[in-house]
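Below you'll find the structure, written out as structure tokens, and then a few comments.
Protein chains in written order, with the numbering used here: chain A, 299 to 522; chain B, 391 to 631; chain C, 805 to 1046.
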């Protein structure tokens, strides 16, 4: 499974590069820099996907108390942190040449930043608590609350930026999308999703090996 | 068939009544403890005022006349002093392992949550009752005309704040660095609440009243309701040792 | 009541495993407790005795296995089970800033006890704490705290008692009071699990001793085969390997 995903990812990335640089048109107003969108949007999408997966597995964990579910949830959040961070960085890189500033309080970027902070809180919580059933339980609760909260955060941030909004240079990302750009974008999002699945499975395998190793050591330590 | 259903209903009503009465008992007990350790209340109050004062000196006089900035300062002080209440709420239970005593009692975890959440709300509101008029005085009487509305918004804010806060405080009560972890976890989650409160208070201070910000009000109420219910439901998972 | 119910254990532990992180503390505990029975739990410090008691009181969930009360899992009847149990541990379990009376009123209300104030007065009298009725618990000695705990138990009338080092810090009168109370519970059909190093204080009324070694119950010895010298103080590590 992992090998198939790995190979598909590599092939996918090759296709992606070809499409992004050779096939899709250069956007009129923003120029070459606009191509960063092909990394920025899929990263953000994958970040949210990762948190959604963690949300589902956290609920499953609280319901069934199977350790596997906690492994999936926490690994997914870790990977989500990476994609979320990537989305923020590429967002900055895009913003600088386009609007002459590294950061804009645009609704989607802001929501992604808050999501990133919630993820960091989750990871810190796991670091500060000892491995065990309690750690799994409280992380699951945070994941569930965080996911539900982000929905409200998104709503409120969108209102914040659009209602009673004084005119600003930083408008929402221009939705100048023609068919070719859209197709390329969809391909990129799919490739990133497959990458996410590959990373998730790898990370889960690693975590399981880790836990098995420590369990073995502890058991052997007991016998001495 | 309907007899079974009505027995089921009275059973549920009975459980609900018990839950509310237990929550009330715990609420009163927490208030009594706060009254005996009144230094907790005063530390919250003075911390709130100290923050307002620090902002007065950190900002220039023109800035402190700006309504947007004033509202921001007010709600920052609300959040920071609220955290104090949350921390104290569980540390006094941990002291003599009283939390264990509560958990062994034949009461639902939900009633413990409700009782503590209401006690936190009460502390926050009482502090705000004193801070709001003082805030009005410090910043040129601009708030004075609207004390009642501000108290009402503080009340609404304290519901959501207390719900999530009590849940998270219970969660972190026996973890290292809990004083730092609690704000790190809580504040990002409270962004919708913060935005709504700031927007509403800005509109009020600008003399526009509540009608332009009805949507924010609905968001605030929705936030309160959703997280009150979810915190109540997930509290038991947080309370196992 | 048919004979089946008479023979059924009051509560039982089935295959309890408990992991703390990677460390396994309890490895498959099976034990049954009947009415009118006092069980002494014996084991070295850190053997897992307190952990077992925490699982039995419902504070912790076992990693595997369950605890049954009257045949049903305690998770499914949490409030009924908690109404039936009582605990004395080395923790104080009272609010230091509240008085003895206020503490008892608080916990009594949570248990919906009738005629609460009268019962409180009686309990405080029976445990010799009348004079301290309106004094804050933070001024109490540890012996007084334990006696207040007994007073709380008197209010709730538990069927099952879990006692984790109940005698530490008690003077002779308090020990006698506790023993009297334990005898009363036992006589009324209760089951008691006791952890104690003070063997002379409790030897007379224990019915059996369970040895908790390396996370397992290695031996279960009935009173008839028990010698006072077998118990803590003369405890041999070699017992576990046989």
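Just so you know, even glycine gets a beta-carbon here, dropped at the ideal spot from N, CA and C.
Owing to the predicted nature of the structure, the values given are computational and were not obtained by experimental measurement.
Inset, instruction - Keeping to the same chain, check which residues put their C-beta closer than 7 Å to that of residue 393/A; ignore five residues upstream and five downstream. - result: 399, 400, 401 and 402
Legend entry - Spatial distance of residue 816/C from residue 870/C (CA atoms): 9 Å
Legend entry - residue 357/B versus residue 551/B - alpha carbon distance: An answer regarding residue 357/B cannot be provided, because it is not within the stretch 391 to 631 covered by chain B.
Legend entry - Contact between the stretch 437–447 of chain B and the stretch 511–523 of chain B (3+ Cβ pairs under 8 Å): yes
Inset, instruction - For residue 600/B, I'd like the list of residues in its chain whose CB is within less than 8 Å of its CB, leaving aside the five on either flank, ordered along the chain. - result: 539, 590, 593, 594 and 607
Inset, instruction - Can you grab the Cα-Cα spacing for the pair residue 928/C / residue 897/C, in whole Å? - result: 17 Å
Legend entry - Where the beta strand (DSSP E) containing residue 841/C begins and where it ends: 841–846
Inset, instruction - Reducing DSSP to helix, strand and coil, say where residue 494/A ends up. - result: helix
Inset, instruction - Helix, strand or coil for residue 828/C, going by three-state DSSP, please let me know. - result: strand
Legend entry - Chain-ordered residues of the stretch 335–359 of chain A with a beta carbon less than 9 Å from chain B: For the stretch 335–359 of chain A, the beta-carbon criterion of a distance under 9 Å to any beta-carbon of chain B is satisfied by none of its residues.
Inset, instruction - Show which residues of chain B have a CB atom less than 8 Å away from the CB atom of residue 435/A. - result: 627, 628 and 630
Legend entry - residue 282/A: contacting residues in chain B (beta-carbon distance under 7 Å): The requested residue 282/A is not part of the displayed model; chain A covers only 299 to 522.
Inset, instruction - Report yes or no: is there a C-beta of chain B within less than 8 Å of the C-beta of residue 368/A? - result: no
Legend entry - Integer Cβ distance of residue 582/B from residue 609/B, believed to fall under 8 Å: 6 Å
Inset, instruction - Would you decide whether residue 975/C is buried or exposed? Buried here means 16 or more other CB atoms lie within 10 Å of its CB. - result: Residue 975/C counts as exposed, since fewer than 16 other beta carbons sit within 10 angstroms of its beta carbon.
Legend entry - Whether residue 475/B touches residue 434/B by CB criterion (8 Å): yes
Inset, instruction - Return the residues of the stretch 816–830 of chain C that lie within a Cβ-Cβ distance of less than 8 Å from chain A, sorted by chain order. - result: 823, 824, 825, 826, 827 and 828
Legend entry - Member of 970/C, 828/C, 996/C and 989/C whose CA lies at the smallest distance from the CA of residue 868/C: 828/C
Legend entry - Own chain partners of residue 511/B with C-beta closer than 6 Å, once the 5 adjacent residues on each side are dropped: 548 and 552
Legend entry - In DSSP terms, what residue 822/C is bridged to: 830/C
Legend entry - Cutoff 7 Å; reference residue 424/A; Cβ partners in own chain excluding five residues on either side: Cβ neighbours of residue 424/A beyond the five flanking positions: 372, 433 and 437.
Legend entry - Closer than 8 Å at the beta carbon, the chain B residues around residue 319/A: Chain B residues near residue 319/A: none, gap ~37 Å exceeds 8 Å.
Inset, instruction - Using 10 angstroms around the beta-carbon of residue 457/A, count the other beta-carbons present and answer buried if the total reaches 16, otherwise exposed. - result: buried
Inset, instruction - Determine which residues of the stretch 408–430 of chain A have a Cβ less than 7 Å from any Cβ of chain B, and write them out in chain order. - result: 412, 415, 416, 419, 422, 423, 426 and 427
Legend entry - residue 441/A beta carbon less than 8 Å from that of residue 410/A: The answer is no: Cβ separation not under 8 Å.
Inset, instruction - Have a look at residue 318/A and residue 559/B and give me their C-alpha separation to the nearest angstrom. - result: So the two alpha carbons sit approximately 48 Å from each other.
Legend entry - Given residue 857/C as reference, the closest of 814/C, 822/C, 938/C and 1027/C once Cα atoms are compared: 822/C
Inset, instruction - Could you list which residues in chain A have their beta carbon closer than 8 Å to that of residue 867/C, in chain order? - result: Ordered by position in chain A, the residues that pass the 8 Å Cβ test against residue 867/C are 431.
Inset, instruction - Could you please give the first and the last residue of the uninterrupted beta strand (DSSP E) stretch that includes residue 1084/C? - result: The structure shown does not extend to residue 1084/C, since chain C is modelled only from 805 to 1046, so the question has no answer here.
Legend entry - Extent of the continuous beta strand (DSSP E) to which residue 1026/C belongs: 1020–1026
Inset, instruction - Indicate whether at least one CB of chain B lies closer than 8 Å to the CB of residue 386/A. - result: no
Legend entry - Contact under 8 Å by Cβ, residue 890/C with residue 970/C: no
Inset, instruction - Name, please, each residue of chain A whose Cβ falls closer than 8 Å to the Cβ of residue 613/B. - result: 450
Legend entry - In DSSP terms, what residue 877/C is bridged to: DSSP lists 872/C as partners of residue 877/C.
Legend entry - chain C within 8 Å of residue 478/B, Cβ atoms only: no
Legend entry - Sequence-distant residues of its chain with Cβ nearer than 8 Å to residue 563/B (five each side left out): 480, 481, 483, 484 and 489
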